[in-house]
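Heads up, the thing below is written out as structure tokens.
Number of protein chains: 2
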Amino acid sequence: MENTEYVHGYSDREALRLNDQADTLDNIIHNDTIFPKDSFVLEASCGVGAQTKIIAAKNPDSNFISVDISEDSLGEARQLIKSLDIKNVEFRQADLYGLPFEDGIFDSVIVCLVLEHLHHPKQALTELNRVLKKGGTMIAIEGDHGSTFFYPDSKSAHSAIDCQVRLQRQNGGNSNIGRELYPLLKSIGLSDILVSPRMVYVDSSRPQLVEGFIKNTFTAMIEGVGDKAVRQGIIDKLTFEKGIKDLYRTAEPDGVFSYTFFKGFGTKK
Amino acid sequence: MENTEYVHGYSDREALRLNDQADTLDNIIHNDTIFPKDSFVLEASCGVGAQTKIIAAKNPDSNFISVDISEDSLGEARQLIKSLDIKNVEFRQADLYGLPFEDGIFDSVIVCLVLEHLHHPKQALTELNRVLKKGGTMIAIEGDHGSTFFYPDSKSAHSAIDCQVRLQRQNGGNSNIGRELYPLLKSIGLSDILVSPRMVYVDSSRPQLVEGFIKNTFTAMIEGVGDKAVRQGIIDKLTFEKGIKDLYRTAEPDGVFSYTFFKGFGTKK
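For the record, the sequence lines run as chains L and G.
For the first sequence, the residue numbers in our numbering are 1 to 269.
For the second sequence, the residue numbers in our numbering are 1001 to 1269.
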């Protein structure tokens, strides 16, 4: 092993592994959520603060306004951020379609795992763009359930995932919105758009993601819609249960699972 | 933009774009196909030399033996390599399931876009492992048609892709083998296995891949199986034609296309 460019040795492979794939979902989507010092950033719909705690802690020299429509969620988010002793976040109740801010006051706007739930994502992005300053950066991060594939493959597992997609669509949302980030950011007139896919590839050489992503994040989420999907006749109980079993099967030592998030950046003209 | 870690400026975004995604498929799958100086490498089934010309040119200080079962293909490969004035490749007719080499003579073995065509990929890998020296590196690269997704989404386009998958299966192959690389490399007893996904994500900000990958590689390949698929009754002509039209549609300015190759590395114990 004379050549350091050679990726065939164990230590080089480790470097490639780290480069390819962080160990946790937070690292995969937020490794580069870094704002310049003293940025004034709007986080649009923060929910209970799951992303807020990561991005605020990663950017101690920036100040965040995190908004959500739900006072209940904001209450939980406030408690979480306080418990972590994070001091650079101010929470405020607000409607994404009509923000209580003047034009062009934020250096950056970040919207993370939110657009998938909206009836009118373009309208929300247009409103977010309004409060962004000229030359400011918009960041949008979304998953895409249609990007999911795995080994062993399973029709029942795909049917179970499709329940989530259909229920989200019934609610006016879009579980496959990740792939649409590029046209969405383009449609509101941003420049220098870059969409960076963040594939969460998991096999048993990545045990933290086997537990943290396949089992506790993705499959648990799909499992959560089972009762509703069966009740609505979208799927029969046995097929759903087999689908969930088959998703857990991909977490076995010879299994493989892949899901892709998309992170889009754009600049306000 | 005071902070150089900040990926929000144009030049930083360019760096991320380059890091994420090379402009050509060759770069995406072969950027790190670098062998140590003086390596003796077996390329298993070289076909007409499409990969040979890339890996041999990238490794001028290594020597390659490239084998294929077909004398016709080898003839074309020889001509191609000669026309490019590449001098570090020797071609030889050989059967992957019974190689004409002694045990443990190669420093590395590379098998690229081959396993998808085989009836018995594990058996072929076992034979390749036999001729690899202890501590030597095996590299396997495969695509996965089931990883394909795009915007706008289209059932007809997925049906057209599925024709290729079904015809490949009829021939004893597996178009979705990329996701199986990890269990396959594990099953032959390699150590330090790393599977690195190589997503080819394409939107109109990557014009070279729009032309080179969406249109001229992927859709052209699917288009090529149309007559056979229609003749065999796998699909009706109108659906197939709509599917192809919809695949070309993803190459428009607001379209998005994604396909994933997998590159696996392992060490012989």
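Ideal placement from N, C-alpha and C gives every residue a C-beta, glycine not left out.
### Query
Hey, does residue 1176(G) have any beta-carbon neighbour from chain L nearer than 8 Å?
Yes, residue 1176(G) lies at the interface with chain L (some Cβ there is under 8 Å from its Cβ).
### Query
Going by DSSP, what residues sit across from residue 1197(G) in a beta bridge?
DSSP, once it has assigned bridges, lists 1262(G) as partnering residue 1197(G).
### Task
Could you tell me which of 1032(G), 1252(G), 1190(G) and 1259(G) sits nearest to residue 1134(G), measuring between CA atoms?
Each of 1032(G), 1252(G), 1190(G) and 1259(G) was checked against the Cα of residue 1134(G), and the nearest Cα belongs to 1190(G).
### Query
With a CB to CB cut of under 6 Å and the five nearest residues on each side skipped, what residues in its chain are close to residue 49(L)?
These residues qualify, in order along the chain: 77, 80 and 81.
### Query
Start and end of the beta strand (DSSP E) containing residue 1042(G)?
Counting along the chain, the beta strand (DSSP E) containing residue 1042(G) begins and ends at 1040-1044.
### Query
Between residue 172(L) and the rest of its own chain, which residues show a CB-CB distance below 6 Å, the 5 nearest in sequence each way excluded?
Result list for residue 172(L): 119, in chain order.
### Task
Using alpha carbons as the reference points, say which of 1072(G), 1073(G), 1074(G) and 1038(G) lies closest to residue 1062(G).
Taking the Cα of residue 1062(G) as reference, the smallest distance to any Cα among 1072(G), 1073(G), 1074(G) and 1038(G) is reached at 1038(G).
### Query
Under 8 Å Cβ-Cβ, which residues of chain L neighbour residue 1089(G)?
One finds nothing in chain L with a Cβ atom closer than 8 Å to the Cβ of residue 1089(G); even the nearest lies about 20 Å away.
### Alpha carbon of residue 204(L) to alpha carbon of residue 1059(G), nearest angstrom
Distance between the alpha carbons of residue 204(L) and residue 1059(G) is about 32 Å.
### Query
Ordered along the chain, which non-local residues of its own chain (more than five positions away) have a Cβ less than 7 Å from that of residue 1088(G)?
These residues qualify, in order along the chain: 1056, 1060, 1062, 1063 and 1064.
#### Entry: Members of the segment 192-209 of chain L that neighbour chain G once the beta carbon cut-off is set at 7 Å
Residues are counted here when their Cβ sits less than 7 Å from a Cβ of chain G; for the segment 192-209 of chain L these are 192, 193, 194, 195, 196, 197, 199, 201, 203 and 205, given in chain order.
### Message
Assuming contact is defined by CB atoms lying nearer than 8 Å, are residue 146(L) and residue 1144(G) in contact in what I supplied?
### Response
Contact flag unset, no.
### Query
Mind checking residue 1221(G): buried by the 16 CB within 10 Å criterion, or exposed?
When all chains shown are included, residue 1221(G) counts as exposed.
### Message
Using only CA atoms, which one of 210(L), 36(L) and 234(L) lies nearest to residue 156(L)?
### Response
For residue 156(L), the nearest C-alpha among the options comes from 234(L).
### Those residues which DSSP pairs with residue 1068(G) across a bridge
Looking at the DSSP output, residue 1068(G) bridges to 1093(G).
### Task
Please confirm whether residue 261(L) and residue 34(L) have their CB atoms less than 8 Å apart.
No, these two residues do not count as a Cβ contact at 8 Å.
### Query
Is the CB-CB distance between residue 1182(G) and residue 1250(G) below 8 Å?
By the CB criterion at 8 Å, residue 1182(G) and residue 1250(G) fall outside the cutoff.
### Query
Taking 8 Å as the CB-CB limit, is residue 1078(G) close to chain L?
The beta-carbon of residue 1078(G) is placed no less than 8 Å from the nearest beta-carbon of chain L.
#### Entry: Neighbourhood of residue 266(L) by C-beta, 6 Å cutoff - its chain only, sequence neighbours within 5 removed
Within the same chain, and ignoring the five residues on either side of residue 266(L) in sequence, the residues whose Cβ sits closer than 6 Å to its Cβ are 138, 185, 190 and 193.
### Task
Check the C-beta distance from residue 1106(G) over to residue 1200(G) and give it rounded, since I have them as a contact under 8 Å.
The Cβ separation is near 29 Å, so there is no contact.
### Query
Does the distance from the C-beta atom of residue 1091(G) to that of residue 1258(G) stay below 8 Å?
It is not a contact, given that the beta carbons lie outside the stated cut-off.
### Message
Here's a check: name, in chain order, each residue in its chain whose Cβ is nearer than 8 Å to the Cβ of residue 230(L), leaving out the five neighbours to either side.
### Response
Correct list, in chain order: 236, 237 and 240.
### Message
Restricting to Cα atoms, I'd like to know which of 246(L), 100(L) and 130(L) is closest to residue 215(L).
### Response
Out of 246(L), 100(L) and 130(L), the CA that lies nearest to the CA of residue 215(L) is found in 246(L).
### Message
For residue 1026(G), report the span of its alpha helix (DSSP H) as first-last.
### Response
Membership of residue 1026(G) in the alpha helix (DSSP H) is indicated by the continuous run 1025-1030.
#### Entry: chain G within 8 Å of residue 258(L), Cβ atoms only
Yes, residue 258(L) counts as interfacial toward chain G.
### Query
Is the Cβ of residue 1186(G) closer than 8 Å to any Cβ of chain L?
Taking Cβ atoms only, chain L reaches closer than 8 Å to residue 1186(G), which makes this a yes.
### Task
Evaluate residue 1083(G) with the Cβ neighbour count: other Cβ atoms within 10 Å of its Cβ, from every protein chain shown; 16 or more gives buried, anything less gives exposed.
When all chains shown are included, residue 1083(G) counts as exposed.
### Query
Quick one: which chain G residues come within Cβ less than 9 Å of residue 151(L)?
Per Cβ cutoff of 9 Å: 1176, 1179, 1180, 1182 and 1183.
### Task
At 4 residues or longer, and completely inside the segment 1196-1258 of chain G: list those alpha helix (DSSP H) runs for me, N to C.
For the segment 1196-1258 of chain G, whole alpha helix (DSSP H) runs of length 4 or above, ordered along the chain, are 1220-1223, 1226-1231 and 1237-1249.
### Query
In its own chain, which residues sit with a C-beta less than 7 Å from the C-beta of residue 117(L), not counting the 5 before and 5 after it?
Contacts found: 173.
### Contacting positions in the segment 1225-1246 of chain G - beta carbon closer than 7 Å to chain L
Residues of the segment 1225-1246 of chain G that bring their beta carbon within less than 7 Å of a beta carbon in chain L are absent altogether.
### Task
Measure the alpha-carbon distance for residue 1131(G) versus residue 210(L) and round it to whole angstroms.
Between residue 1131(G) and residue 210(L), the C-alpha separation is close to 34 Å.
### Query
Is residue 145(L) helix, strand or coil when you go by DSSP?
Three-state result, residue 145(L): strand.
### Query
What is the rounded straight-line gap between the Cα of residue 1202(G) and the Cα of residue 1047(G)?
If I take the Cα positions, the gap works out to 27 Å.
### Query
Starting from residue 55(L) and walking both ways along the alpha helix (DSSP H), at which residues does that stretch end?
In this chain, the alpha helix (DSSP H) harbouring residue 55(L) covers 52-58.
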